[in-house]
Amino acid sequence: MTPLLRGPADRHDLHHHGDAEVGPGLVDLAVNVRAGTPPAWLRERLTASLDGLAAYPDPTRAVAALAARHGRDTDEVVPTAGGAEAFVLLARALRPRHAVVVHPQFTEPEAALRAAGHAVDRVLLDGDLTLDPATVPADADLVVVGNPTNPTSVRHPADLVAALARPARTLVVDEAFIDTAPGEPDSLAGRRDLPGLVVLRSLTKTWGLAGLRVGYALAPPALAAGLRAAAPPWSVSTPALVALEVCSSEAARTEADDAARALAVDREHLVAALATLPGVEVRGTPAASFVLVRTPGRTDVRARLRERGLAVRRGDTFPGLDTEHVRIAVRSREITDDLVATLREVLGP
Ligand SMILES: Cc1ncc(COP(=O)(O)O)c(C=O)c1O
């Protein structure tokens with residue numbers, strides 16, 4: 007069943023993120039950003055863009071590239087300083103009477119709505135954590151859902167997500183991890199037929215650009231104009247705009263698809279290795295760059311792994327989850343094997 011919770015943010019720290027879990031001497035299994043640095047071709051383009059820093063940013067080329075990439079008009083594209091800024095812009099631009107956030111999911115959308123003074127209801131997914139559109143109240147005029155969802159790693163079929171769209175409702179689909187499947191089969195980014203659909207994208211994860219702050223929103227023209235009006239002037243920097251432009255190319259998309267295929271192999275290895283551990287349950291069907299794990303009866307797993315030099319992401323700050331949950335990033339086979347061996351030791355006979 008999916009209870010609907012109304013009211014304050016309760017015990018969950020909506021501003022806790024994986025980066026708070028990592029530290030010197032710890033292997034990072036907590037942050038879902040591409041390990042290492044952005045690819046060399048991208049760093050070269052970013053470096054070259056520094057020559058233009060004396061001028062204010064001009065989004066024209068980035069917007070045209072994104073519009074072409076997604077088959078949208080340029081007035082439907084809004085560059086943002088990461089997905090995080092997009093959540094704040096939405097919270098500023100909209101006046102929802104009944105906002106609903108589908109959890110467990112990334113907590114910043116709810117945090118931004120609350121910070122802007124909006125009440126938020128939660129739909130909590132349970133069991134295999136797949137989306138059931140029927141559990142979203144019919145009168146919700148703002149619905150926020152992640153696809154694939156962080157921290158569950160569950161990828162919802164496009165049709166299921168699209169079924170949430172209706173007149174007089176804004177449907178926000180956070181697609182920060184959508185390119186973890188080659189070809190992005192479940193993306194709604196190109197859908198112009200769905201009323202009130204806002205798709206949010208981020209360059210943070212795939213391209214290793216968390217520090218640059220770069221993403222974008224795709225929305226019908228009036229909604230897009232509202233987001234632009236809510237944004238501080240020039241909030242997306244020249245290097246970020248260059249990243250948006252060059253990461254929209256065919257070559258970049260091919261590279262992202264290749265990375266997604268390699269990720270799937272590493273993810274299967276992690277899931278198979280976890281399956282050998284008694285007392286470990288992988289929640290849902292993982293489809294992104296992390297796996298949500300439950301250890302029934304054990305609430306100390308994160309701390310024990312940390313003592314042994316491995317940082318995983320706590321689960322209990324996500325509405326719908328508790329201290330029996332941790333989120334583990336998909337890494338190389340070597341790191342995964344080390345993690346699973348350590349986890350076996352931590353869990354004991
Ligand atoms: C699901 C999801 N959406 C959006 C974001 C925001 O990312 P950024 O602001 O770096 O684009 C994150 C970051 O962790 C995330 O996990």
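In terms of my numbering, the sequence shown is numbered consecutively and its last residue is 355.
All residues carry an ideal CB built from backbone N, CA and C; glycine is no exception.
Verify the contact flag: residue i, CB atom, against every heavy atom of ligand 1, threshold strictly below 7 Å.
i: A216; result: yes
i: H18; result: no
i: S241; result: no
i: G89; result: yes
i: T210; result: yes
i: H22; result: no
i: F183; result: yes
i: D192; result: no
i: D180; result: yes
i: G221; result: yes
i: N156; result: yes
i: F112; result: yes
i: G152; result: yes
Comparing C-alpha positions only, which one of the options sits nearest to residue i?
i: L311; options: P292, P325, V346 and V288; result: V346
i: A216; options: D81, H18 and P44; result: P44
i: N156; options: P302, A335 and P163; result: A335
i: P245; options: T86, H22, V37 and V39; result: T86
i: R46; options: D344, G214 and V220; result: Note that residue 46 corresponds to Ala in the displayed sequence, not to Arg. Here the closest residue by C-alpha is G214.
i: L218; options: H22, D81, G88 and A236; result: G88
i: R282; options: P143, L100, A121 and L349; result: Per the sequence shown, residue 282 should be read as Thr rather than Arg. Comparing Cα-Cα distances from T282 to each of P143, L100, A121 and L349, the minimum goes to L349.
i: A235; options: A97, H109, L32 and L298; result: A97
i: V179; options: G285, P154 and S295; result: P154
i: L203; options: R161, V151 and A90; result: V151
i: G354; options: D322, A92, S254 and G303; result: G303
i: V69; options: D306, V252 and G321; result: V252
i: P422; options: D79, L170, R207 and V248; result: The question about residue 422 has no answer, for the chain in this structure spans 7 to 355.
i: P163; options: T291, A317 and A74; result: T291
i: G285; options: A182, L269, A270 and V307; result: V307
i: A168; options: T158, D145, S193 and F183; result: S193
i: A223; options: E50, A36, R49 and A92; result: A92
i: A73; options: G29, H18, S254 and L56; result: S254
i: A144; options: R103, N38, A118 and R161; result: R103
i: L95; options: A230, T329 and V142; result: A230
i: S159; options: N38, L166 and S243; result: N38
i: L148; options: L177, T141, A122 and A60; result: L177
i: L59; options: W240, G326, R198 and A41; result: W240
i: D19; options: F112, R172 and V33; result: F112
i: L206; options: A121, L280, V288 and E114; result: E114
i: L32; options: E313, T141 and A117; result: E313
i: L131; options: A90, R101, G326 and E351; result: G326
i: T301; options: T329, T323 and A279; result: T329
i: H331; options: V242, R289, T53 and R101; result: R289
i: R40; options: A228, T323 and T212; result: T212
i: A121; options: Y62, A228, G133 and A99; result: A99
i: V247; options: S208, A182 and A279; result: For the record, residue 247 in the displayed sequence is Leu; it is not Val. Closest option to L247, Cα to Cα, is S208.
Would you list, in sequence order, the uninterrupted beta strand (DSSP E) runs of no fewer than 3 residues that lie entirely inside the region 185-237? Within the region 185-237, the runs of beta strand (DSSP E) at least 3 residues long that lie entirely inside it are, in chain order, 203-208 and 221-224.
Indicate whether the contact test is met: 3 or more Cβ pairs, each with one atom in the region 326-345 and one in the region 270-284, closer than 8 Å. The region 326-345, when compared against the region 270-284, does touch it at the 8 Å Cβ threshold.
Let me know the beta strand (DSSP E) ranges lying completely inside the region 273-317, each 3 residues or longer, listed in chain order. Note on the region 273-317: whole beta strand (DSSP E) runs with a minimum of 3 residues are 296-300, in chain order.
Which runs of the beta strand (DSSP E) spanning at least 3 residues fall entirely within the region 83-153, listed in chain order? If we require 3 residues or more, the beta strand (DSSP E) runs fully inside the region 83-153 come out as 83-86, 105-109, 126-130 and 148-152.
Pairs of beta-carbons, one from the region 291-298 and one from the region 316-336, closer than 8 Å: are there three or more? With a cut-off of 8 Å, the region 316-336 and the region 291-298 count as touching, because enough Cβ pairs lie within range.
Taking one C-beta from the region 316-326 and one from the region 16-27 each time, how about it: are there three or more such pairs within less than 8 Å? Three or more beta-carbon pairs separated by less than 8 Å link the region 316-326 to the region 16-27, which places the two stretches in contact.
Three Cβ pairs or more, each shorter than 8 Å: is that satisfied between the region 95-113 and the region 129-145? Verdict: yes, contact present.
Indicate whether the contact test is met: 3 or more Cβ pairs, each with one atom in the region 258-272 and one in the region 182-189, closer than 8 Å. Judged by Cβ distances under 8 Å, the region 258-272 makes contact with the region 182-189, as three or more pairs qualify.
In the region 58-83, which residue ranges form an unbroken beta strand (DSSP E) of at least 3 residues, counting only runs that do not cross its ends? Not a single unbroken stretch of the beta strand (DSSP E) spanning 3 or more residues falls wholly within the region 58-83.
If you scan the region 13-46 from start to end, which runs of the beta strand (DSSP E) of 3 or more residues do you find wholly inside it? 33-35, all fully within the region 13-46.
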